[in-house]
Amino acid sequence: MNKFQPLSFYAKQEPIGYQLLPFQFTELNPRKYLLTNLVGEFHTLDKNKLKVFVGHQLESDDLDYINLRAKQFLLDTHNTIAPELLALKVRTRYSRLAEFTGLHIFVVSLRCEHSCPYCQVSRQSEDKRAFDMTPEIAEKSLDLVFRSPSRAIKIEFQGGEPLLNFALIQQIVLSAEARNTTANKTLGFVIATNLALVNHDILAFCKEHHIHISTSLDGPQDLHNKNRPRPGKDSYERVMKGIELVREVLGKDQVSALMTTTKDSLTRVRDIIDEYVRLDFQGIFLRALSPYGFAIKTKSFRSYTVDEWLEFYKEGLNYIIEINKKGIAFQEYYASTVLTKMLTSQDPGFVDLMNPSGIAIAGIVYNYNGAVYASDESRMLAEMGDNTFKLGNVLEHSYEELLTSDALLNPLEESFTLSVPMCSDCAYEPFCGADPVYHYATTRDYVARKPESEFCKRNMAIFKYLIELMESDPSVKNLFSRWANRT
Amino acid sequence: MIQLHGKLKHLSPPSSGRVILSLTTNQDLPTALASQKGLLSDGASSSAFKVVFHKHKPTQLLEGSYHFLLPADLHYLGEGDVVRIDLKDGSFRVLFRKSSGHNSILLTEQCNHYCLMCSQPPKKIDDSWILEEAKELIQLIPQDTVELGFTGGEPTLYGDRFIDLLHLAKAHLPRTAIHILTNGRAFHEIEFARKYAQVKHNDMMVGIPLYSDDPVRHDYVVQSVNAFNETVRGILNLKSLNQRVEIRVVIHQQTVDRLVHLCEFIARNLLFVDHVALMGLEITGFTRANLDELWIDPYEYKDTLSQAVMLLESYDMNVSVYNHQRCLVNDDILRAYRKSISDWKNEYLDDCTNCSKMNECGGLFLSAKQYKHSQYIKAFM
Numbered sequence: 000m001n002k003f004q005p006l007s008f009y010a011k012q013e014p015i016g017y018q019l020l021p022f023q024f025t026e027l028n029p030r031k032y033l034l035t036n037l038v039g040e041f042h043t044l045d046k047n048k049l050k051v052f053v054g055h056q057l058e059s060d061d062l063d064y065i066n067l068r069a070k071q072f073l074l075d076t077h078n079t080i081a082p083e084l085l086a087l088k089v090r091t092r093y094s095r096l097a098e099f100t101g102l103h104i105f106v107v108s109l110r111c112e113h114s115c116p117y118c119q120v121s122r123q124s125e126d127k128r129a130f131d132m133t134p135e136i137a138e139k140s141l142d143l144v145f146r147s148p149s150r151a152i153k154i155e156f157q158g159g160e161p162l163l164n165f166a167l168i169q170q171i172v173l174s175a176e177a178r179n180t181t182a183n184k185t186l187g188f189v190i191a192t193n194l195a196l197v198n199h200d201i202l203a204f205c206k207e208h209h210i211h212i213s214t215s216l217d218g219p220q221d222l223h224n225k226n227r228p229r230p231g232k233d234s235y236e237r238v239m240k241g242i243e244l245v246r247e248v249l250g251k252d253q254v255s256a257l258m259t260t261t262k263d264s265l266t267r268v269r270d271i272i273d274e275y276v277r278l279d280f281q282g283i284f285l286r287a288l289s290p291y292g293f294a295i296k297t298k299s300f301r302s303y304t305v306d307e308w309l310e311f312y313k314e315g316l317n318y319i320i321e322i323n324k325k326g327i328a329f330q331e332y333y334a335s336t337v338l339t340k341m342l343t344s345q346d347p348g349f350v351d352l353m354n355p356s357g358i359a360i361a362g363i364v365y366n367y368n369g370a371v372y373a374s375d376e377s378r379m380l381a382e383m384g385d386n387t388f389k390l391g392n393v394l395e396h397s398y399e400e401l402l403t404s405d406a407l408l409n410p411l412e413e414s415f416t417l418s419v420p421m422c423s424d425c426a427y428e429p430f431c432g433a434d435p436v437y438h439y440a441t442t443r444d445y446v447a448r449k450p451e452s453e454f455c456k457r458n459m460a461i462f463k464y465l466i467e468l469m470e471s472d473p474s475v476k477n478l479f480s481r482w483a484n485r486t
Numbered sequence: 000m001i002q003l004h005g006k007l008k009h010l011s012p013p014s015s016g017r018v019i020l021s022l023t024t025n026q027d028l029p030t031a032l033a034s035q036k037g038l039l040s041d042g043a044s045s046s047a048f049k050v051v052f053h054k055h056k057p058t059q060l061l062e063g064s065y066h067f068l069l070p071a072d073l074h075y076l077g078e079g080d081v082v083r084i085d086l087k088d089g090s091f092r093v094l095f096r097k098s099s100g101h102n103s104i105l106l107t108e109q110c111n112h113y114c115l116m117c118s119q120p121p122k123k124i125d126d127s128w129i130l131e132e133a134k135e136l137i138q139l140i141p142q143d144t145v146e147l148g149f150t151g152g153e154p155t156l157y158g159d160r161f162i163d164l165l166h167l168a169k170a171h172l173p174r175t176a177i178h179i180l181t182n183g184r185a186f187h188e189i190e191f192a193r194k195y196a197q198v199k200h201n202d203m204m205v206g207i208p209l210y211s212d213d214p215v216r217h218d219y220v221v222q223s224v225n226a227f228n229e230t231v232r233g234i235l236n237l238k239s240l241n242q243r244v245e246i247r248v249v250i251h252q253q254t255v256d257r258l259v260h261l262c263e264f265i266a267r268n269l270l271f272v273d274h275v276a277l278m279g280l281e282i283t284g285f286t287r288a289n290l291d292e293l294w295i296d297p298y299e300y301k302d303t304l305s306q307a308v309m310l311l312e313s314y315d316m317n318v319s320v321y322n323h324q325r326c327l328v329n330d331d332i333l334r335a336y337r338k339s340i341s342d343w344k345n346e347y348l349d350d351c352t353n354c355s356k357m358n359e360c361g362g363l364f365l366s367a368k369q370y371k372h373s374q375y376i377k378a379f380m
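Chains Z and B, in that order, give the protein sequences. Going by numbering that gives the first Met the number 0, the residue at position 336 of the first sequence is 335; the numbering climbs one at a time, nothing skipped. Going by numbering that gives the first Met the number 0, the residue at position 365 of the second sequence is 364; the numbering climbs one at a time, nothing skipped.
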């Protein structure tokens with residue numbers, strides 16, 4: 000007699016069969032359903048199989064059964080560890096919440112020498128006092144920054160053009176560093192600048208204080224200069240010089256760039272990507288216009304539809320995959336963010352794709368005039384005259400008053416995706432997020448009707464596309480695993 | 000392959016009992032030390048030693064010591080090595096070699112698994128004398144030893160006595176890294192995991208096998224019901240106590256189909272483990288009995304192996320490929336490729352001597368050379 004038992008011996012089932020663990024599903028294509036669970040594990044099933052699975056009729060030696068069990072979609076006597084693994088992954092995904100606010104945006108000036116039609120906030124003004132943050136407001140804001148329990152604090156300087164008020168940036172950096180000698184946090188700084196006004200002195204300070212530079216680059220020269228007008232029509236030339244100078248002084252990886260998609264960009268996605276590749280950036284964030292600020296006033300936002308934008312995005316993503324297949328490591332950062340949610344148990348902490356919403360609890364904004372907003376988009380909305388997401392003012396309110404204000408708690412609670420109609424049973428929920436500011440800006444409602452939401456339409460299309468790419472090409476799955484982990 | 004045991008010829012009248020001795024070549028040791036040691040003698044001798052191992056037949060034998068003739072294949076032994084000798088029948092075993100980085104102490108041959116490919120088939124006998132011997136051995140091992148392994152059978156079957164052994168190892172060898180091969184199931188009891196953590200050794204790791212993300216398949220490979228659940232829970236408990244854990248996967252016909260799935264499972268559920276070792280099959284023990292069910296030519300799975308390694312690397316996990324010949328892996332896994340076969344075990348084929356990459360290659364187990372190896376081993380020119 001053979002002393003070893005066959006595989007079938009270990010496959011023996013108790014008569015109870017299997018239990019379903021919580022999951023959602025949606026149609027992926029005419030043949031398949033996509034199944035997801037609350038920790039972002041996903042599996043595709045032939046349509047007829049779903050009924051069999053839900054009907055507790057799936058055979059335990061079926062490959063789908065084995066895969067569904069390994070991904071904790073079902074529980075039987077063989078994987079009693081599954082609930083513990085699920086719990087561990089849920090805890091991991093939400094572990095950021097305990098850290099609370101990590102990103103602190105200081106709008107040090109609203110003034111700007113550019114006049115980009117899609118800009119949400121900037122002002123052309125000679126009057127410094129009207130639109131620059133004062134030292135007093137800056138210090139009061141820093142008091143609040145250091146109340147955050149987060150062990151890592153990032154202070155980002157925005158505008159307008161923040162370099163127009165560089166003296167205040169210096170003061171804030173020095174003050175934050177002095178405070179940090181006792182607070183002992185991981186402290187980082189970023190300046191979001193168009194680089195038109197950068198010079199050696201500014202960069203010497205940045206070098207000394209390890210300040211990272213984030214700039215705007217919309218694509219090749221003609222497109223960039225059309226999107227981003229300034230006196231002299233030389234935005235592109237200045238940003239090129241700026242990038243070169245920053246890399247020379249601070250180091251190559253100390254400057255990153257962001258692009259915004261305009262109607263003129265739609266046919267140019269390859270040119271735009273080529274520009275980033277040419278400049279040896281490690282990736283690009285293909286970003287749609289947002290429905291805030293001047294973007295709405297100047298109708299730039301409505302200058303293309305979600306479908307047009309998706310076409311642009313997919314063409315860009317395919318082109319980037321092509322580039323990678325040629326041996327050039329280059330990421331699309333929005334995909335990377337989503338892929339982190341799909342392929343890992345981590346949450347990337349991207350404000351738009353967080354639940355509960357990331358407003359104020361992931362990032363918060365201290366405006367030039369002392370107003371505190373729940374997010375960058377919140378202050379853009381405010382520049383249009385809607386203060387719904389204004390939490391208060393640094394000169395008048397305490398940390399407790401700001402962070403427990405109704406202006407914050409109401410949208411957080413109402414938009415919580417696990418209880419929002421249609422989000423709570425959406426198969427894409429684990430990859431998505433509550434975005435009460437977007438939905439309020441477009442519909443005057445934190446939740447809005449999801450079938451009409453362009454946020455849903457855009458993101459669901461991207462989620463679906465990313466999964467289809469991975470399902471159809473194993474080499475893309477490999478590539479996406481690296482993007483998901485930023486490796 | 001070097002000789003690690005044998006039967007030595009008595010040069011003095013047989014006695015009784017087994018002794019464990021640290022060896023020395025220094026015949027001038029003070030009596031107080033020499034009386035605990037074995038002298039490796041090239042001709043000279045001293046009566047102070049407990050045992051004298053003669054490399055050549057001596058002309059005279061000094062009283063007070065036991066004398067044995069050391070065959071030529073054991074002449075490599077040197078200062079600091081530890082051996083066991085049966086004073087009655089001359090049975091001899093090398094227990095520790097100072098010059099090797101791969102010293103491992105087998106603690107028991109008993110096991111609660113019965114793995115299809117076990118290289119050390121378990122025995123159901125009380126062999127706890129081995130544990131007692133290990134305690135003695137630990138006290139003779141030089142303090143500058145870099146790493147020491149504990150293996151079995153399943154060492155944790157000793158329960159608290161195993162924990163006591165770890166305390167002893169830490170006390171005697173505080174600077175020696177400890178590596179333990181276990182199936183990890185004992186740690187599913189959090190109390191046992193806590194006792195382990197309380198050893199507070201700053202460089203101690205357990206290597207735990209996990210063969211599939213499919214619990215049925217894992218249980219089948221280790222031939223034990225509920226093994227998957229207890230092993231994974233054991234890993235979770237150890238990591239919750241900040242203990243270092245390595246996952247070890249043996250690749251064979253029963254595990255290769257889900258290798259990439261397993262790596263995905265590890266990356267999503269057990270990302271916090273310290274190391275993942277993907278290992279080739281050793282053709283010994285039960286493997287030879289089950290060869291038809293287990294054998295797959297590594298050449299056939301080299302793309303799967305690449306996929307598995309790249310996946311773990313993309314999650315920034317620490318991954319190694321063990322027991323594979325250089326000519327049977329793709330270049331894209333070289334970061335993970337290790338020359339892992341213990342120095343006393345590795346062999347090469349005749350054709351390998353022409354290979355330009357022989358020095359990058361870990362070679363083969365002797366068992367592979369004797370019984371089964373890939374048909375695709377080929378010298379790089």
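Glycine is no exception: its CB is placed at the ideal position from the N, C-alpha and C atoms.
Three-way DSSP call (helix, strand, coil) for residue i in this model
{"i": "B/GLU108", "result": "coil"}
{"i": "B/PRO12", "result": "coil"}
{"i": "Z/PHE570", "result": "Here chain Z has residues from 0 to 486 only, and residue 570 of chain Z is not among them."}
{"i": "B/GLN59", "result": "coil"}
{"i": "B/LEU115", "result": "coil"}
{"i": "B/ILE295", "result": "coil"}
{"i": "Z/LYS46", "result": "helix"}
{"i": "B/ASP85", "result": "strand"}
{"i": "B/THR155", "result": "helix"}
N- and C-terminal bounds of the alpha helix (DSSP H) containing residue i
{"i": "Z/SER195", "result": "Sequence inspection shows Ala at residue 195 of chain Z; the Ser mentioned does not correspond to that position. Run containing Z/ALA195: none; DSSP gives neither H nor E here."}
{"i": "Z/ASN477", "result": "473–484"}
{"i": "Z/LEU6", "result": "6–9"}
{"i": "B/ASN285", "result": "It should be noted that the sequence gives Phe, not Asn, for residue 285 of chain B. First-last of the alpha helix (DSSP H) with B/PHE285: 285–288."}
Residues near residue i in its chain [Cβ-Cβ closer than 8 angstroms; skip 5 each side]
{"i": "B/LEU69", "result": "LEU7, LEU39, PHE52, HIS53, LYS54 and LEU76"}
{"i": "B/ARG337", "result": "SER319, VAL320, TYR321 and GLY361"}
Chain Z within 8 angstroms of residue i, Cβ atoms only
{"i": "B/LEU293", "result": "no"}
{"i": "B/SER313", "result": "yes"}
{"i": "B/HIS251", "result": "no"}
{"i": "B/TYR300", "result": "no"}
{"i": "B/ASN182", "result": "no"}
{"i": "B/MET116", "result": "no"}
Residues of its chain near residue i, where Cβ-Cβ distance is below 6 angstroms and the 5 sequence neighbours each way are ignored
{"i": "B/VAL308", "result": "VAL318, ILE332 and ALA335"}
{"i": "Z/PRO5", "result": "none"}
{"i": "B/SER118", "result": "GLU281, THR283 and GLY284"}
Min CB distance residue i to chain B below 8 angstroms
{"i": "Z/HIS77", "result": "yes"}
{"i": "Z/GLN123", "result": "no"}
{"i": "Z/TYR367", "result": "no"}
{"i": "Z/ARG90", "result": "no"}
{"i": "Z/ARG481", "result": "yes"}
{"i": "Z/ALA10", "result": "yes"}
{"i": "Z/THR339", "result": "no"}
Own chain partners of residue i with C-beta closer than 7 angstroms, once the 5 adjacent residues on each side are dropped
{"i": "Z/ALA334", "result": "LEU316, LEU465 and TRP482"}
For residue i, the first and last residue of its enclosing beta strand (DSSP E)
{"i": "B/VAL249", "result": "243–249"}
Chain C within 8 angstroms of residue i, Cβ atoms only
{"i": "B/TYR219", "result": "No chain C is part of this structure, whose protein chains are labelled Z and B."}
In chain order, each beta strand (DSSP E) run of at least 3 residues that lies wholly inside the stretch 168–225 of chain B
176–180 and 203–208
My parser needs the beta strand (DSSP E) runs of 3 or more residues fully inside the stretch 213–280 of chain Z; what are they?
254–257
Whole alpha helix (DSSP H) runs in the stretch 72–147 of chain Z with 4 or more residues, listed along the chain?
81–98, 127–130 and 134–144
In the stretch 341–409 of chain Z, which residue ranges form an unbroken beta strand (DSSP E) of at least 3 residues, counting only runs that do not cross its ends?
362–365, 370–372 and 389–392
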